[in-house]
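Heads up, the thing below is written out as structure tokens.
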């Protein structure tokens, strides 16, 4: 017969290597996304959960809506009651608290901190 054997069978040996090389960029993209996006987001969620869990009576809280008040009562695991003005008390879900300043902790003001550092530097240089 004049028909020769099929030569396409020999090309099957390099198929696994080319398939691995074609999937490698997808794996690299996933690894990069994990370290740049997913891990920091998980850490942020974990930190917020700890922050909300440790709210105590007397803490100053900042809600996600922008209200600032002093915690007067921890109602249960889901709600707190805080005072935003004299005699004005509001109940709020704990998860809606975006920040907590503990008792007596002043607000961070970078201009005051830099002024204190400059005063310390001046005193040290004299």
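Residue numbers (my numbering): 4 to 129. Think of the CB as a built atom: it goes at the ideal place given N, C-alpha and C, for glycine as much as any other residue.
Residue j beta carbon less than 8 angstroms from that of residue i
| i | j | result |
| --- | --- | --- |
| residue 67 | residue 99 | yes |
| residue 104 | residue 63 | yes |
| residue 84 | residue 78 | yes |
Min CB distance residue i to chain B below 8 angstroms
| i | result |
| --- | --- |
| residue 69 | No chain B is part of this structure, which consists of one protein chain only. |
Candidates the options: closest to residue i by CA position
| i | options | result |
| --- | --- | --- |
| residue 97 | 65, 85, 55, 61 | 55 |
| residue 57 | 82, 86, 90 | 82 |
Whole-angstrom C-beta distance between residue j and residue i, which should lie under 8 angstroms
| i | j | result |
| --- | --- | --- |
| residue 48 | residue 101 | Wrong, their Cβ atoms sit about 13 angstroms apart, outside the cutoff. |
I'd like to know if the segment 25–43 and the segment 74–91 are in contact, where contact means that at least 3 CB-CB pairs between them fall below 8 angstroms. Because the criterion of three Cβ pairs below 8 angstroms is not met, the segment 25–43 and the segment 74–91 do not touch.
Report the residue ranges of all alpha helix (DSSP H) runs contained in full by the segment 67–107; include only those spanning at least 4 residues, in chain order. Runs found: none.
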